[in-house]
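To start, the structure itself, in structure tokens.
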Amino acid sequence: MGRSPCCEKAHTNKGAWTKEEDDRLIAYIRSHGEGCWRSLPKAAGLLRCGKSCRLRWINYLRPDLKRGNFTEEEDELIIKLHSLLGNKWSLIAGRLPGRTDNEIKNYWNTHIRRKLLNRGIDPATHRSINEAAQDTTSTISFAASAVKEEENPTTAAFGGKDAKSQVQERCPDLNLELRISPPCQNQYEPLKTGGASLCMACSLGLQTSKDCSCRVASKGSTSGSTSATGYDFLGLTSGVLDYRGLETK
DNA sequence: AATTGGTACAACCGCGAAAGC
DNA sequence: AGCTTTCGCGGTTGTACCAAT
Numbered sequence: 001m002g003r004s005p006c007c008e009k010a011h012t013n014k015g016a017w018t019k020e021e022d023d024r025l026i027a028y029i030r031s032h033g034e035g036c037w038r039s040l041p042k043a044a045g046l047l048r049c050g051k052s053c054r055l056r057w058i059n060y061l062r063p064d065l066k067r068g069n070f071t072e073e074e075d076e077l078i079i080k081l082h083s084l085l086g087n088k089w090s091l092i093a094g095r096l097p098g099r100t101d102n103e104i105k106n107y108w109n110t111h112i113r114r115k116l117l118n119r120g121i122d123p124a125t126h127r128s129i130n131e132a133a134q135d136t137t138s139t140i141s142f143a144a145s146a147v148k149e150e151e152n153p154t155t156a157a158f159g160g161k162d163a164k165s166q167v168q169e170r171c172p173d174l175n176l177e178l179r180i181s182p183p184c185q186n187q188y189e190p191l192k193t194g195g196a197s198l199c200m201a202c203s204l205g206l207q208t209s210k211d212c213s214c215r216v217a218s219k220g221s222t223s224g225s226t227s228a229t230g231y232d233f234l235g236l237t238s239g240v241l242d243y244r245g246l247e248t249k
């Protein structure tokens with residue numbers, strides 16, 4: 001009943017990729033496109049398993065990858081996204097164009113973890129280490145924005161002085177599993193990005209085209225307020241998390 | 001110059017989910 | 001409906017590189 005191995009290990013190379021292997025993989029994908037990783041190695045004349053080819057392409061060879069150091073903005077965005085999503089590296093990577101999940105995961109483990117520890121923040125919970133030591137319960141936290149909840153009406157309304165929210169925060173037995181849902185536009189004002197209403201696809205970052213009708217309609221009022229990539233999922237790029245689209249079960 | 005310890009990152013492994021039959 | 005195959009994800013490991021001693 002066990003799974004069959006993804007490849008015949010006796011006849012596959014392992015370890016670092018050679019220039020020739022890279023060239024073969026690039027050439028094959030350029031002419032045939034991505035897909036069917038299992039059969040790709042044979043078709044491309046590579047003695048590698050499909051998984052290895054996929055990883056090499058996604059993490060290293062893809063032409064749209066942004067190589068080089070992470071910027072301070074990217075750092076902060078990763079921290080915010082991690083506080084929200086946890087170790088969902090692929091989701092986090094989806095919000096950072098040109099970055100891969102593997103790259104972000106490595107960067108988190110080598111740089112950001114230490115950076116947060118130096119700030120006195122537990123990288124796992126995003127809470128102050130002192131606070132975490134006193135409190136033996138485990139809670140979800142949006143520490144990065146919680147600091148500002150006093151002065152920020154959006155976060156304050158959601159989890160600030162609200163007694164119920166405080167109870168939830170101190171009671172780990174409550175089911176606080178996050179669920180992402182479309183913005184509730186009836187209950188609240190339309191989701192805005194710098195004053196412009198966006199369609200759901202743009203709000204979720206699924207639609208990045210400048211020509212999306214919602215963007216065309218909102219041109220003029222959005223100049224300079226959206227992120228460089230043209231979307232602002234959960235309001236993260238504005239520096240304030242917008243929790244209206246997030247619900248606890 | 002050699003050794004050691006720490007860091008960065010590419011690559012591997014195992015698992016779960018989705019897709020296909 | 002149930003089984004098998006394939007893909008994608010997250011955790012972990014291996015190793016090259018660099019700085020300190």
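Residue numbers for the first sequence follow UniProt numbering, so the first one is 1 and each next one is one higher.
We treat Cβ as the ideally placed atom computed from N, Cα and C, and that holds for glycine.
All figures in this text were calculated on a predicted structure; none of them were measured in a lab.
Pull up the DSSP beta-bridge partners for D122, would you.
R127
Nearest-angstrom Cβ-Cβ length linking E108 and H82, presumed shorter than 8 Å
At residue 108 the sequence reads Trp, which differs from the Glu that was named. Confirmed, Cβ separation roughly 7 Å.
With 16 other CB atoms within 10 Å as the buried threshold, where does C36 fall?
exposed
Just the C-alpha distance for E21 and W57, rounded to the nearest angstrom, thanks.
11 Å
Helix or strand or just coil, what does DSSP make of S39?
coil
Span of the alpha helix (DSSP H) holding I26?
19-32
What are the boundary residues of the alpha helix (DSSP H) that includes K105?
101-107
Residues in the same chain with beta-carbon distance under 8 Å from S128, minus the five sequence neighbours each way, listed in chain order, please.
G120, I121, D122, A143
Excluding five sequence neighbours on each side, which residues of the same chain lie with their C-beta closer than 7 Å to the C-beta of G45?
R24
With DSSP as the reference, label D75 as helix, strand or coil.
helix
The alpha helix (DSSP H) that contains I92, what's its start and end?
89-94
Can you list, in chain order, the residues of its chain with a C-beta nearer than 6 Å to that of A146? Leave out the 5 residues immediately preceding and following it.
Caution applies to A146, whose pLDDT of 36 falls short of 50 and renders its modelled position unreliable; the value that the coordinates give is listed next. Correct list: empty, nothing qualifies.
What do you get for S52, buried or exposed, if any count of 16 or more other CB atoms within 10 angstroms of its CB means buried?
buried
For the alpha helix (DSSP H) containing R48, name the first residue and the last one.
From DSSP, R48 is part of no alpha helix (DSSP H); its letter is neither H nor E.
Among N59, E34, A43, nearest to S90 - alpha-carbon criterion:
N59
Which word fits A43, buried or exposed, when buried means at least 16 other C-beta atoms lie within 10 angstroms of its C-beta?
exposed
If you draw a straight line from the C-alpha of P41 to the C-alpha of C49, how long is it?
6 Å
Spatially closest choice to P63 from H111, A27, A124, by CA coordinates:
A27
Residues in the same chain with beta-carbon distance under 8 Å from residue 256, minus the five sequence neighbours each way, listed in chain order, please.
There is no way to answer for residue 256, as the model of the chain reaches only from 1 to 249.
Residues near W17 by beta carbon distance below 7 Å, same chain, minus five either side
R56
Quick one: is L117 buried, meaning 16 or more other Cβ sit within 10 Å of its Cβ, or exposed?
exposed
Going by C-alpha distance, which of R114, E74, R99 is nearest L65?
R99
Going by other Cβ atoms of all chains shown within 10 Å of its Cβ, with 16 needed for buried, is R114 buried or exposed?
exposed
Please classify R95: is it buried, with 16 or more other beta-carbons within 10 angstroms of its beta-carbon, or exposed?
buried
Check K80 in the structure and name its three-state DSSP category.
helix
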